[in-house]
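K.L.:
Per the working numbering, the very first residue in the sequence shown carries number 102; after that it's consecutive.
Beta carbons are placed, not taken as given, at the ideal position from N, Cα and C, and that holds for glycine.
Just passing along the structure, written as structure tokens.
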Amino acid sequence: MMKRTISAVCLGLSILLTMTGCVLSPQQINVNPTITLPTRVPVVQRTVMVNVEDSRPTKVLGTRGGLYDKTSTITIQNDLSRAIKHAVEQGLLQMEMQIDNQNPSVKFNVYIDEINYDTPDSNYVTQVNVSATVKAVVEIGLKRYTGRYQSSAKHRVVKAPSDVKNQEIINDLLNDGLSRMFNDQSLIRFMRSNP
102 MMKRTISAVC
112 LGLSILLTMT
122 GCVLSPQQIN
132 VNPTITLPTR
142 VPVVQRTVMV
152 NVEDSRPTKV
162 LGTRGGLYDK
172 TSTITIQNDL
182 SRAIKHAVEQ
192 GLLQMEMQID
202 NQNPSVKFNV
212 YIDEINYDTP
222 DSNYVTQVNV
232 SATVKAVVEI
242 GLKRYTGRYQ
252 SSAKHRVVKA
262 PSDVKNQEII
272 NDLLNDGLSR
282 MFNDQSLIRF
292 MRSNP
């Protein structure tokens with residue numbers, strides 16, 4: 102009788118521990134992307150104004166999974182548009198462009214179309230899939246260039262990532278998408294062209 106009681110208690114505790122291990126809290130992360138320019142940094146000696154618009158349909162990146170995955174959301178804590186704008190401006194400055202918000206010869210518009218965070222098996226997190234799409238609409242006089250840049254990654258995990266790890270995952274994702282933009286040779290040629 103005593104063995105049955107102990108077994109039942111142990112079983113109950115293990116179930117309880119398993120369930121609480123699968124209950125995940127919401128997370129807020131900070132983004133601070135950096136752009137990797139080509140090995141030979143292109144030089145575009147022009148004035149430029151940068152505008153960034155967060156055009157995502159929802160501000161929730163996704164959910165962390167777990168027992169109550171609808172409430173274990175991931176969102177961005179800091180100002181995403183401002184962080185992206187800073188990264189883009191730094192990239193353009195490295196290309197010897199000058200920021201001029203009053204009378205720019207180039208208008209560099211960036212639209213953040215989507216950032217997605219997905220856990221395929223929501224109850225027990227073993228993988229995280231992320232994807233992002235950004236669009237550049239660059240204007241010189243009456244001419245316009247539009248480029249769309251996508252990045253994605255799959256991360257195998259042994260448990261649901263911490264906020265620090267998720268911050269790293271999302272920053273790496275944005276770094277990749279923005280770096281694709283700055284490595285677009287057609288975009289570089291357009292920025293060097295005459296109005």
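(1) Are Lys236 and Arg257 touching if we call contact CB-CB under 8 Å?
(2) One question on the structure: do Gly167 and Leu125 come within less than 8 Å of each other, judged by their Cβ atoms?
(3) Please check the pair Gln195 and Leu138, which I expect to be a contact at CB under 8 Å, by giving their CB distance rounded to whole angstroms.
(4) In or out: Ile317 buried (at least 16 other Cβ within 10 Å) or exposed?
(5) Give every residue of the same chain whose Cβ lies closer than 8 Å to the Cβ of Arg157, excluding the five residues on either side of it in the sequence, and list them in chain order.
(6) Taking 8 Å as the threshold (C-beta atoms), are Leu275 and Met282 in contact?
(7) How far does the beta strand (DSSP E) with Gly166 in it reach, from first residue to last?
(8) Along the alpha helix (DSSP H) that carries Gln195, what are the first and last residues, could you check?
(9) In chain order, what residues of the same chain have a beta carbon less than 6 Å from the beta carbon of Lys208, not counting five sequence neighbours either side?
(10) Taking only three categories from DSSP, how would you classify Val265?
P.N.:
Answer, in terms of the structure:
(1) no
(2) yes
(3) 6 Å
(4) As shown, the chain starts at 102 and ends at 296. That puts residue 317 outside it, with no answer to give.
(5) Around Arg157: Ile213, Asp214, Glu215 and Ile216.
(6) no
(7) Unbroken run through Gly166: none, as it is neither H nor E.
(8) Leu181 to Gln195
(9) Met150 and Glu240
(10) helix
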